[in-house]
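Student:
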Amino acid sequence: MAKQLPEEEPPSVMMALAPVSTSITVINVATPIATHQAPISKVQSLDKRRSAKFRVSKSVRQFLSQFYPEASVADWNDWRWQNRNRVRTLEELERIITLSADERAAIERHQGALPVGITPYYASLIDSQNTSQGLRRTVIPVLDEYETTAGENDDPLGEDSHSPVPGLVHRYPDRVLLLVTNFCSVYCRYCTRARMVGSAGERSVKKSDIEASFDYIREHKEIRDVLISGGDPLSLDDEKLEYVLSTLRAIPHVEFIRIGSKQPIVQPMRITPALTRMLKRFHPLWMSLHFTHPDELTPEVIDACGRLADAGIPLGSQTVLLKGVNDNVETMTKLMHGLLKARVKPYYLYQCDPISGSAHFRTPVSKGVEIIRAMRGFTTGYAIPTFVVDAPNGGGKIPISPDYVVGYENEELLLKSYDGDTYRYPDGGLRLGSYSGEPS
Ligand code: SF4
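FYI, the numbering for the sequence shown is 8 to 447, going by our numbering.
In structure tokens:
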């Protein structure tokens, strides 16, 4: 019998949709986007016709006909179909992937939050035979997840202790993190919010919590920036997301809204014309996309990023440094170059947070510095993310950079260039290192 893994239900994804013809899929949706608001039912059917034209790679087509022979290309390009058909049980996984004994035992042992959840689209990118493939390691559990090592805990960033209202984290003076759902269509095994994502029951985000968060933001006039996260906010249907965005936009002191999401990467068909048409009404709206590996930069994902960028949304990437997945210069450079081509600015490279059971993913901090040093100067500056450690217990992001300062000789600052030569800069003012840390 299939072992059903518990989680919060996807928000409003069970909407019945009539089948659409299996048209040959071609390049990106180029139809101009109307600015007026059509009735919901018309928007959805129009949206479905357009999403049927999203590009589908040859390898994905083969996967579709092999594992979902009853589904059409239009089904595949319907994000609700992707949610309804997520791979969640041992039986579903074993239909697609040859599991190792370790992976199988880890899945059988799982209880509670951070269940297995993989969209059929993302499953099509997984190497069915190679247990060390980067993408596979990020979404298929192994027994190491159950080993908690020194310094790890379930809430390493101290989010719960900086939460004045359930679902709202107020850690920095002028900005807050608003958690609008616990649902993700794919669950990453190293998730910082592993304690809560995919959980049912008391950890689920309630409407009353979101309303209380809105009240808190209204009352705190120092909050000028709201990061909407979760779970994955783009897993909400358009109407719910629009409600969140319009409520925030109606608060006069909220200047800047950001959405953090992996949805364009694990479910690129979620980026529909109706969604981008709605999002562009709430500018300035920025988006941080959670990329992990260059294998994620498929034609479908590049198209999805293009649709967001065409809607005027500045895109940044957030990548977690993961042992055996992306912890080498070649992979990281390939990812960052690919992101620039996809119109996404590499933003942060995170040291993996010490969540319980994450030791098998964590590298030494020096590995991140080594990668940044090997990229800085050797490639485009725009391709270099800021490497940060998110300090345990709510200390915030602390940037860590390679040190290019050699020291002083008289009034000259000695600097090492990216390729190892030493240069002198006339610097007669306050010396580096003598700065007190207090604003002057
Ligand atoms: S998409 Fe983000 S919130 Fe969801 S499981 Fe992955 S890291 Fe966690």
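Every residue gets a Cβ at the ideal spot worked out from N, C-alpha and C, and that includes glycine.
#1: Mark Y432 as exposed unless 16 or more other C-beta atoms lie within 10 angstroms of its C-beta, in which case mark it buried.
#2: Classify H290 as helix, strand or coil using the three-state DSSP reduction.
#3: What are the residues that DSSP puts in a beta bridge with T393?
#4: V413: buried (16+ other C-beta within 10 angstroms of its C-beta) or exposed?
#5: Tell me whether I405 is buried or exposed, calling it buried when 16 or more other Cβ atoms sit within 10 Å of its Cβ.
#6: Starting from the C-beta of A390, find all residues in its chain whose C-beta is less than 8 Å away, skip the five residues before and the five after it, and write them out in chain order.
#7: Could you tell me which residues DSSP puts in a beta bridge with G455?
#8: Given M294, which residues of its chain have a CB within under 8 Å of its CB, disregarding the five upstream and five downstream residues?
#9: Where does the unbroken alpha helix (DSSP H) through V176 begin, and where does it stop?
#10: P301 and E159: beta carbons closer than 8 Å?
#11: Compute the beta-carbon to beta-carbon distance between I230 and V273, rounded to the nearest angstrom, for a pair I have assumed lies under 8 Å.
#12: What residues are listed by DSSP as bridge partners for S64?
#13: Could you name the residues that DSSP lists as bridge partners for Y430?
#14: Looking at C-alpha atoms only, which residue of G427, V376 and L132 is the closest neighbour of P306?
#15: Report all residues from its chain with a CB closer than 8 Å to the CB of H169; omit the five preceding and five following residues, and keep chain order.
#16: Confirm the yes/no value for this check: CB of K213, any heavy atom of the ligand SF4, distance under 7 Å.
#17: Which of the three DSSP states, helix, strand or coil, is assigned to L439?
#18: Can you check DSSP and say which residues form a bridge with E98?
#19: Since I believe K330 is in contact with R380 (beta carbons under 8 Å), could you give me their beta-carbon distance rounded to a whole number of angstroms?
Tutor: Walking through what the data contain:
#1: Mapped onto the sequence shown, residue 432 falls at position 425. Using a 10 angstroms sphere on the CB of Y432, the tally of other CB atoms stays under 16, which defines it as exposed.
#2: By one-based count along the sequence shown, residue 290 stands at place 283. Of the three classes helix, strand and coil, the one that applies to H290 here is coil, per DSSP.
#3: For this step, residue 393 is matched to residue 386 along the sequence shown. DSSP, once it has assigned bridges, lists Y355 as partnering T393.
#4: Indexing the sequence shown from 1 puts residue 413 at position 406. With a 10 Å radius around the Cβ and a threshold of 16 neighbouring Cβ atoms, V413 comes out exposed.
#5: Here the question's residue 405 lines up with position 398 in the sequence shown. Residue burial is scored here from C-beta neighbours: I405 has fewer than 16 other C-beta atoms within 10 angstroms and is therefore classed as exposed.
#6: Translated into positions along the sequence shown, residue 390 becomes position 383. Closer than 8 Å at the Cβ level, and outside the excluded window around A390, lie T340, M343, H344, L346, L347, P353 and M382.
#7: Because the chain in this structure spans residues 8 to 447, residue 455 falls outside the shown range and cannot be described.
#8: In the sequence shown, residue 294 corresponds to position 287, counting from 1. Counting only Cβ-Cβ distances below 8 Å, and skipping sequence neighbours, we find R265, I266, G267, S268, L315, I320, P321, L322 and G323.
#9: As a working note, residue 176 is residue 169 in the sequence shown. For V176, there is no enclosing alpha helix (DSSP H); the residue is part of the beta strand (DSSP E) that begins and ends at L175 to Y179.
#10: Working through the sequence shown from its first residue, we reach residue 301 at position 294. Working through the sequence shown from its first residue, we reach residue 159 at position 152. No. Outside cutoff.
#11: Here residue 230 corresponds to residue number 223 of the sequence shown, with the count starting at 1. Here residue 273 corresponds to residue number 266 of the sequence shown, with the count starting at 1. In fact, because the Cβ distance is near 30 Å, the residues do not count as touching under 8 Å.
#12: Numbered from 1 along the sequence shown, position 57 holds the residue referred to as residue 64. S64 has no beta-bridge partner at all, per DSSP.
#13: Locating residue 430 in the sequence shown gives position 423, where the first residue counts as 1. L422, per the DSSP bridge assignment.
#14: Start at 1 with the first residue of the sequence shown, and residue 306 comes out as number 299. Considering only alpha carbons, the answer is L132.
#15: Locating residue 169 in the sequence shown gives position 162, counting from the first residue. Within the same chain, H169 has close Cβ partners V176, H177, R178 and G401.
#16: For the purposes of this step, residue 213 is taken as the residue at position 206 of the sequence shown. Flag unset: Cβ of K213 not near the ligand SF4.
#17: Taking the sequence shown and counting its residues from 1, one reaches residue 439 at position 432. When secondary structure is reduced to three states using DSSP, L439 falls in the coil class, being assigned neither helix nor strand.
#18: Taking the first residue of the sequence shown as position 1, residue 98 is located at position 91. Paired residues: none, contrary to the question.
#19: Here residue 380 is taken as the residue at index 373 of the sequence shown, counted from 1. Here residue 330 is taken as the residue at index 323 of the sequence shown, counted from 1. Separation of the CB atoms of R380 and K330 is rounded to 18 Å, and the pair is thereby denied contact status at 8 Å.
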